[in-house]
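Student: Sharing a structure with you now.
Number of protein chains: 2
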Amino acid sequence: MSMDRRSGCPINLSLEVFGDRWSLIILRDMIFGGRRHFRELLNGSMEGIASNILADRLKRLMGLGILTKADDPSHKQKAIYSLTEMAITLVPILAHLGAWGRVWLPVSAELSIRAELLEKGGPQMWDKFMDELRHEHLGMPLDTSAGPSVRATLQAAYEAVVAGKAPGASPAA
Amino acid sequence: MSMDRRSGCPINLSLEVFGDRWSLIILRDMIFGGRRHFRELLNGSMEGIASNILADRLKRLMGLGILTKADDPSHKQKAIYSLTEMAITLVPILAHLGAWGRVWLPVSAELSIRAELLEKGGPQMWDKFMDELRHEHLGMPLDTSAGPSVRATLQAAYEAVVAGKAPGASPAA
DNA sequence: CAAACTGATTGCTTTTTGCAATCGGTTGCA
DNA sequence: TGCAACCGATTGCAAAAAGCAATCAGTTTG
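Residue numbers (the working numbering), protein chains in the order written: chain R, 1 to 173; chain E, 1 to 173.
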């Protein structure tokens, strides 16, 4: 919530939504990590988000229409968080943000391989990924066999780097 | 400064740089508004930044290598802030951020015309704009006459909308 | 010499962030 | 049936950041 509306500038309004240290981290973990539950986001967060902040941001993102929440039929207490189309269209922004960080900031090799592949894949890969997310989160049909999923591809590359057999990059240790 | 290094993830590191409500606003005003001086940024800011926060962010962005400061020869007290290449390569991110905000947030017509044109111009227009910024801020040569500058084009469109004779859009009032 | 302007700085209050502990309810297992 | 582990949060508290208003010393302008 908390729509300040400091101005109607698109960049300012986007910043009022994402101008904090956690909202995009949560969306990153949902989009690239495939996390859907509170505990997954809490314990799987590499940066160590606190539970009250996670709860606050989930609430806020729901209020903004970026996430939705539904009951998990397998567990009466479990909630499943889903991305809306609004969130899925952030993929190009996250790709650019990762690409920029990879060039200018002290990223680690393991964690930047995903950003590198996503950058090389370009808009075509981003579109494919967004279609996969629409399938997972919105129940949209997935077009006929387009090979391994983007997330699986990124994950496999990450694991290869961790294992020290980086394809095209020098081993970390 | 304040490099937490919560993790070496490119998106996280980018967020540690821009995950606040003001840093990108300042860069937006420098990039699209052409502002170079403290007072220009302070008084020209549509969102009303406070002087202490502006001073803090300028210092921080300099420490990160995103801005540089130089004396203005015409005025012994005046400082000129310049974008580094690191800042100039943010243009695509700002373009995407503006495009996303324009679609999903309650932007005003006057302030979103720039984002619209920049989106339609695509990477080609962004590259041209970045070259112009390199010329202004880094003293790089500008390639032979490529028509009116991107900033001038955006500014003209903005003024046209304000004047109510929006090309292709309905008048605001 | 005075007024206006330069890039800031200081003191202060309000708001946000982040940590640690905890909550009531659910589930799985012995 | 009991009980530990897990579920999505909530609460209390301290620290940090944001934001406001006033002010600063030096510079330029008139």
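The C-beta atom is built at its ideal place from N, Cα and C for all residues, glycine as well.
Of all the options Ile31/R, Gly19/R, Leu15/R, which has the alpha carbon lying nearest to the alpha carbon of Ala115/R?
Tutor: As a first step, residue 115/R must be located in the first sequence, where it is residue number 115. Of the candidates Ile31/R, Gly19/R, Leu15/R, the one whose C-alpha sits nearest the C-alpha of Ala115/R is Ile31/R.
Student: Could you give the residue range of the alpha helix (DSSP H) that holds Asp72/E?
Tutor: In the second sequence, counting from the first residue as 1, residue 72/E sits at position 72. It is not in any alpha helix (DSSP H) - Asp72/E instead sits in the beta strand (DSSP E) that spans 67 to 72.
Student: Of all Cβ atoms in chain R, is any one closer than 7 Å to the Cβ of Ala87/E?
Tutor: Here residue 87/E corresponds to residue number 87 of the second sequence, with the count starting at 1. No, Ala87/E does not count as interfacial toward chain R.
Student: Measure how close the beta-carbons of Ala79/E and Phe38/E come, nearest whole angstrom, since I'm counting them as under 8 Å.
Tutor: The residue given as residue 79/E occupies position 79 in the second sequence. The residue given as residue 38/E occupies position 38 in the second sequence. Right, their Cβ atoms sit about 7 Å apart.
Student: Please work out which residues of its chain come closer than 7 Å, Cβ to Cβ, to Tyr158/R, disregarding the five sequence neighbours upstream and downstream, and give them in chain order.
Tutor: Counted from its first residue, the first sequence places residue 158/R at position 158. So the qualifying residues of the chain are Glu110, Ile113, Arg114.
Student: Just the Cα atoms here: how many angstroms apart are Ala156/E and Val103/E?
Tutor: For this step, residue 156/E is matched to residue 156 along the second sequence. For this step, residue 103/E is matched to residue 103 along the second sequence. Taking the straight line joining both Cα atoms gives about 22 Å.
Student: Run down chain R in chain order and give the residues with a C-beta less than 7 Å from the C-beta of Asn12/E.
Tutor: Counting from 1 along the second sequence, the entry for residue 12/E is found at position 12. Going along chain R in sequence order, the residues near Asn12/E (Cβ under 7 Å) are Ile25, Glu47.
Student: At a CB-CB cut-off below 7 Å, which residues of chain E make contact with Leu15/R?
Tutor: As a working note, residue 15/R is residue 15 in the first sequence. Simply Arg21, Leu24, Ile25.
Student: Can you give me the start and stop residues for the beta strand (DSSP E) that His75/E sits inside?
Tutor: On the second sequence, residue 75/E is found 75 positions in, with the first residue counted as 1. Note, His75/E: beta strand (DSSP E), 75 to 83.
Student: Would you kindly report the start and end of the unbroken alpha helix (DSSP H) that includes Pro123/R?
Tutor: One-based indexing of the first sequence puts residue 123/R at position 123. First-last of the alpha helix (DSSP H) with Pro123/R: 109 to 138.
Student: According to DSSP, simplified to helix, strand and coil, what is Pro171/R?
Tutor: Here the question's residue 171/R lines up with position 171 in the first sequence. Here the model assigns Pro171/R a pLDDT of 44, short of 50, so the residue's position is not dependable, and the following value carries that caveat. Reduced to three states, the DSSP call for Pro171/R is coil.
Student: Is DSSP giving Thr153/R helix, strand or coil here?
Tutor: Locating residue 153/R in the first sequence gives position 153, counting from the first residue. Reduced to three states, the DSSP call for Thr153/R is helix.
Student: Hey, out of Cys9/R, Arg21/R, Met125/R, Glu16/R, whose CA is closest to Ser45/R's CA?
Tutor: In the first sequence, residue 45/R corresponds to position 45, counting from 1. Here the closest residue by C-alpha is Arg21/R.
Student: Can you grab the Cα-Cα spacing for the pair Leu118/R / Pro73/E, in whole Å?
Tutor: Numbered from 1 along the first sequence, position 118 holds the residue referred to as residue 118/R. Numbered from 1 along the second sequence, position 73 holds the residue referred to as residue 73/E. If you take the alpha carbons of Leu118/R and Pro73/E, they lie about 45 Å apart.
Student: Ends of the alpha helix (DSSP H) at Ser7/R?
Tutor: Residue mapping note: residue 7/R aligns to position 7 of the first sequence, counting from 1. First-last for Ser7/R: undefined, no H or E at that position.
Student: Can you tell me whether Gly19/R is buried or exposed, with buried defined as 16 or more other CB within 10 angstroms of its CB?
Tutor: For the purposes of this step, residue 19/R is taken as the residue at position 19 of the first sequence. Buried.
Student: Exposed or buried, which one is Asn52/E when buried takes at least 16 other CB atoms within 10 Å?
Tutor: Residue numbering aside, residue 52/E sits at position 52 when the second sequence is read from its first letter. Exposed is the call here.
Student: Might you give, ordered along the chain, the residues of its own chain that have their beta carbon closer than 7 Å to the beta carbon of Arg57/E, omitting 5 neighbours on each side?
Tutor: The count along the second sequence starts at 1 and reaches residue 57/E at position 57. Contacts found: Trp22, Ser23, Ile26.
Student: Is the Cβ of Ile93/R closer than 7 Å to any Cβ of chain E?
Tutor: As a first step, residue 93/R is located in the first sequence; it is residue number 93 there, counting from the start. Yes, Ile93/R lies at the interface with chain E (some Cβ there is under 7 Å from its Cβ).
Student: Which chain R residues are close to Arg102/E, counting only those with a beta carbon under 7 Å from its beta carbon?
Tutor: As a working note, residue 102/E is residue 102 in the second sequence. Pro10, listed in chain order.
Student: Give me, in chain order, the residues of the same chain whose beta-carbon lies closer than 8 Å to that of Thr153/R; leave out the 5 immediate sequence neighbours on both sides.
Tutor: Reading the first sequence from its first residue, position 153 is the one you call residue 153/R. Only Leu117 meet the Cβ criterion.
Student: Counting C-beta neighbours from all protein chains within 10 Å, is the total for His137/E 16 or more, i.e. buried, or is it exposed?
Tutor: Residue numbering aside, residue 137/E sits at position 137 when the second sequence is read from its first letter. His137/E should be labelled buried.
Student: With a threshold of 7 Å between beta-carbons, can His135/E be considered close to chain R, or not?
Tutor: One-based indexing of the second sequence puts residue 135/E at position 135. Not an interface residue.
Student: Does any residue of chain E have a CB that is nearer than 7 Å to the CB of Ser51/R?
Tutor: Numbered from 1 along the first sequence, position 51 holds the residue referred to as residue 51/R. Chain E contact via Cβ: absent.
Student: Since His96/E meets chain R, which of its residues come closer than 8 Å, beta carbon to beta carbon?
Tutor: Counted from its first residue, the second sequence places residue 96/E at position 96. Within 8 Å Cβ-Cβ: Pro92, Ile93, His96.
Student: Could you tell me which of Ile11/R, Gly48/R, Val107/R sits nearest to Asp29/E, measuring between CA atoms?
Tutor: Taking the first residue of the second sequence as position 1, residue 29/E is located at position 29. The shortest Cα separation from Asp29/E among Ile11/R, Gly48/R, Val107/R belongs to Ile11/R.
Student: My assumption, with CB atoms under 8 Å, is that Met140/E sits in contact with Arg134/E. Please give the rounded CB distance.
Tutor: Numbered from its first residue, the second sequence carries residue 140/E at position 140. Numbered from its first residue, the second sequence carries residue 134/E at position 134. Right, the Cβ-Cβ distance comes to about 4 Å (below 8 Å), so this counts as a contact.
Student: Short of 7 Å in beta carbon distance, which residues of its chain neighbour Gly48/R, apart from the five on each side in sequence? Order them along the chain.
Tutor: Counted from its first residue, the first sequence places residue 48/R at position 48. Closer than 7 Å at the Cβ level, and outside the excluded window around Gly48/R, lies no residue.
Student: Residues of chain E with CB under 7 Å from Ala115/R, in chain order?
Tutor: Your numbering for residue 115/R matches position 115 in the first sequence. The contacting residues are Pro10.
Student: Quick check on Leu105/R: does DSSP put it in helix, strand or coil?
Tutor: Here residue 105/R refers to the residue found at position 105 when the first sequence is read from its first residue. Reduced to three states, the DSSP call for Leu105/R is coil.
Student: Under 7 Å between beta-carbons, which chain E residues line up against Val162/R? List them in chain order, please.
Tutor: Taking the first sequence and counting its residues from 1, one reaches residue 162/R at position 162. Going along chain E, no residue has its Cβ under 7 Å from Val162/R, so there is no contact; the nearest lies around 13 Å.
Student: Spell out whether any CB of chain E is found under 7 Å from the CB atom of Ser74/R.
Tutor: Translated into positions along the first sequence, residue 74/R becomes position 74. No - not a single Cβ of chain E is within 7 Å of the one on Ser74/R.
Student: For Thr68/E and Pro148/R, what's the separation of their Cα atoms in angstroms?
Tutor: As a position in the second sequence, residue 68/E is number 68, starting the count at 1. As a position in the first sequence, residue 148/R is number 148, starting the count at 1. Cα to Cα, the separation comes out at about 45 Å.
Student: Assuming Thr89/R and Ile66/R are in contact, meaning their beta carbons sit under 8 Å apart, how far apart are those beta carbons, in whole angstroms?
Tutor: For the purposes of this step, residue 89/R is identified with residue 89 of the first sequence, where counting begins at 1. For the purposes of this step, residue 66/R is identified with residue 66 of the first sequence, where counting begins at 1. Not confirmed; about 10 Å, so no contact.
Student: Quick one: is Ala87/E buried, meaning 16 or more other Cβ sit within 10 Å of its Cβ, or exposed?
Tutor: Your numbering for residue 87/E matches position 87 in the second sequence. Buried, by the Cβ-count rule.
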